[in-house]
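**Student:**
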Amino acid sequence: MMNNKIPRLSTRAQENLTGPNIMLDGVRKVNSNKYDAVANPNGIINLGVAENQLMTKELTEIMGTVDHVNPKLFGYGESPSGSRKLREHFANNIFNRYFNPVEPVSFDQMVLSAGCSATVDNFTFCVCDPGEGILITTPFYGGFNTDIMAKSKAKVVVCDLGDCSPFDVSHVDLMQNALQKAESEGIKVKAVVLSNPHNPLGRNYSREILIEFLRFASRNQVHILFDEIYALSIFDDKLEGLAKAEQPDSAPFISVLSIPDLEQYCEKDLIHVAYGMSKDFCLNGFRCGCLLSPWNHELIKAMQAIAVFTWMSSTTEAMITKLLSDPDTIETFTQTNQKRLAESYTLAVDTLREHNIPFLPAQGGHFLWADFRQFIPRSLTASAAAGERAAEHLLWRAMLDRGVYVNLGEAFSESKVGFFRLTFAVPVPMLKLGLYRMLHACQGASQEE
Numbered sequence: 001m002m003n004n005k006i007p008r009l010s011t012r013a014q015e016n017l018t019g020p021n022i023m024l025d026g027v028r029k030v031n032s033n034k035y036d037a038v039a040n041p042n043g044i045i046n047l048g049v050a051e052n053q054l055m056t057k058e059l060t061e062i063m064g065t066v067d068h069v070n071p072k073l074f075g076y077g078e079s080p081s082g083s084r085k086l087r088e089h090f091a092n093n094i095f096n097r098y099f100n101p102v103e104p105v106s107f108d109q110m111v112l113s114a115g116c117s118a119t120v121d122n123f124t125f126c127v128c129d130p131g132e133g134i135l136i137t138t139p140f141y142g143g144f145n146t147d148i149m150a151k152s153k154a155k156v157v158v159c160d161l162g163d164c165s166p167f168d169v170s171h172v173d174l175m176q177n178a179l180q181k182a183e184s185e186g187i188k189v190k191a192v193v194l195s196n197p198h199n200p201l202g203r204n205y206s207r208e209i210l211i212e213f214l215r216f217a218s219r220n221q222v223h224i225l226f227d228e229i230y231a232l233s234i235f236d237d238k239l240e241g242l243a244k245a246e247q248p249d250s251a252p253f254i255s256v257l258s259i260p261d262l263e264q265y266c267e268k269d270l271i272h273v274a275y276g277m278s279k280d281f282c283l284n285g286f287r288c289g290c291l292l293s294p295w296n297h298e299l300i301k302a303m304q305a306i307a308v309f310t311w312m313s314s315t316t317e318a319m320i321t322k323l324l325s326d327p328d329t330i331e332t333f334t335q336t337n338q339k340r341l342a343e344s345y346t347l348a349v350d351t352l353r354e355h356n357i358p359f360l361p362a363q364g365g366h367f368l369w370a371d372f373r374q375f376i377p378r379s380l381t382a383s384a385a386a387g388e389r390a391a392e393h394l395l396w397r398a399m400l401d402r403g404v405y406v407n408l409g410e411a412f413s414e415s416k417v418g419f420f421r422l423t424f425a426v427p428v429p430m431l432k433l434g435l436y437r438m439l440h441a442c443q444g445a446s447q448e449e
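Sequential numbering of the sequence shown, starting at 1, is according to full-length UniProt numbering.
1. Please name the residue or residues paired with C290 in a DSSP beta bridge.
2. Following the continuous beta strand (DSSP E) through W369, name the residue where it begins and the one where it ends.
3. Just the Cα atoms here: how many angstroms apart are N33 and G43?
4. Assess contact between the stretch 342-355 and the stretch 100-115, defined as three or more Cβ pairs (one per stretch) separated by less than 8 Å. Is contact present?
5. Over what stretch of residues does the beta strand (DSSP E) that includes V406 continue unbroken?
6. Kindly identify the DSSP beta-bridge partner or partners of I62.
7. Cβ atoms of I22 and Y35: under 8 Å apart, would you say?
8. How far does the beta strand (DSSP E) with T329 in it reach, from first residue to last?
9. Leaving out the 5 sequence neighbours to the left and right, which residues in its chain are closer than 6 Å to N199 when beta-carbon positions are compared?
10. Starting from G364, follow its DSSP beta bridges and name the residues at the other end.
11. Whole angstroms is fine: what's the gap from Q14's alpha carbon to R287's?
12. Compare the Cα-Cα distances from D401 to each of S10, N16, G26 and M149 and report the closest residue.
13. Rounded to a whole number of angstroms, what is the C-alpha to C-alpha distance between V38 and V49?
14. Does N16 come out as helix, strand or coil in the three-state DSSP assignment?
15. Whose C-beta lies closer than 7 Å to the C-beta of T315 among residues of the same chain, with five residues either side of it excluded?
16. Cα separation between residue 500 and F281?
17. Could you tell me how far apart the beta carbons of A425 and F375 are, in whole angstroms, since I believe they sit closer than 8 Å?
18. Contact check, Q335 vs G202 under 8 Å by CB: the rounded distance?
19. Taking the continuous beta strand (DSSP E) assigned at H223, which residues delimit it?
20. Could you tell me the distance, in whole angstroms, from the CA atom of L232 to the CA atom of P427?
21. Could you pull the start and end residues of the beta strand (DSSP E) that S446 belongs to?
22. At the level of alpha carbons, what is the spacing between V192 and D121?
23. With a 10 Å radius around its C-beta and 16 neighbouring C-beta atoms as the bar for buried, classify N70 as buried or exposed.
24. Going by C-alpha to C-alpha distance, which of E212, T137, T119 and M149 sits closest to G131?
25. Please state if the CB of R437 and the CB of W369 are separated by a distance shorter than 8 Å.
26. Just verifying my parser: in three-state terms, what is the DSSP assignment at S106?
27. Thinking just about the alpha-carbon of each residue, which of M312, E388, P294 and K155 is nearest to the one in G276?
28. Compute the Euclidean distance between the alpha carbons of G289 and S379, then round it to the nearest angstrom.
29. Within a Cβ cutoff of 8 Å, which residues of the same chain sit near K279, ignoring the five residues on either side of it in sequence?
30. Which residue wins for smallest C-alpha separation from E298, given the options M399, D269, S165 and T332?
31. DSSP beta-bridge partners for A191?
32. Inspect the CB distances between the stretch 248-259 and the stretch 177-189 and report whether three or more fall short of 8 Å.
33. For Y76, which residues from the same chain have a beta carbon less than 8 Å from its beta carbon, with the 5 sequence-adjacent residues on both sides left out?
34. By Cβ distance, which residues of its chain are closer than 6 Å to P104, with the 5 residues on each side in sequence left out?
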């Protein structure tokens, strides 16, 4: 009989089994018991995943016009990198219309894939060898850990900002320190990834700091990938009343593509943009991501060479092509979405303010960053201050037990214990109930000894 202890998996596969992924664990719990006002009223309300549920009716009407059973869709699509027509729609109806590029974007400067996670994974594969690093500042979207490490086996080089704001130019010095520390430990940093608008903080970077990021990339000769997937979900100009008044000095969304004379700050072949359909167009389940690299044809060719592994389905491509084919439909959809995001955001911050829960005002995205440290039981305050996660896990589990999922700071590599990312992009009745469950869960947990 063979020795059952002999590994039957590759080393790289075994590495993926070593530690839990707390973000995915939460998603699995939610998806196995989803809330439904009629069919499952005691199910879990999802206020953790950045999944916009505010435009379901409009999407149903638009997508309902596509012939889903057209025999042409039974076969392979035109190209693993996306059809020319769809890439032209991305170029003309999204990038050239809304990102204000200095140089017009062309269809042949991009590669499409089955979701932005696949886009980041493929980008990592093309710019990093196993063991090399990609620098990201905290807090950051937790999915990047999987996107960068699980298959391509690069390393996430975490730059912990501590109490320094990522919107303060001075934090670029901390990025430099983190890069030098990684390289002193034998990790060659090949790229930096930045989300603009920020995920999980929901705010835009200023032009000044975007330029400093570019200078950082040039100084260190690393690629710089701007994740701009929430570009059309900016809603702060739709806010009213106190939600508007409490906004700090707000920078508008500025795509890196819109900055004149980029070559003054960074070699243009190092600059890339990621986009997709999950966020601005509420199509998380359709899986469509885009890597735009206008000045690095070699990277585009390398991405095309592996695109067959992340090829969108023909049906998905047909439906997204329909949605992006009409500029008027896109404009109406975008304006309606931003208005509804503003309404749901206002309800969320009014509730947090009423219960004296601190939060960072958001400009865009589907979420906001809130401080729940007041609910940490006294018995755990010292350990939480020391960075131990037990108190945060207690609050998280209490919320799940009450039927609401909110994403905890650990999932975003936040070093301070007790912060949560709260998604508000759900219908108002569901949001009200979810906030009620969340508050009662936290109030109950705070009484535990």
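Built from N, CA and C at the ideal position, the CB exists for glycine as well. All figures in this text were calculated on a predicted structure; none of them were measured in a lab.
**Tutor:** The answer reads as follows:
1. L112 and Y275
2. F367 to D371
3. 5 Å
4. no
5. Premise fails: V406 is in no beta strand (DSSP E) and is neither H nor E.
6. None; I62 has no bridge partner.
7. no
8. No beta strand (DSSP E) holds T329; the alpha helix (DSSP H) holding it covers P327 to E354.
9. Y141
10. I234
11. 27 Å
12. G26
13. 22 Å
14. coil
15. H68 and L73
16. Because the chain spans 1 through 449 in this model, residue 500 falls outside it and cannot be assessed.
17. Actually they do not touch by this definition, with Cβ atoms about 24 Å apart.
18. Q335 to G202, Cβ: 19 Å. No contact.
19. H223 to D227
20. 19 Å
21. First-last for S446: V428 to S446, but that is the alpha helix (DSSP H), not the beta strand (DSSP E).
22. 14 Å
23. exposed
24. M149
25. no
26. coil
27. M312
28. 45 Å
29. A50, N52, I229, Y230, S233, G365 and H366
30. D269
31. I134 and H223
32. no
33. W311 and S314
34. N96
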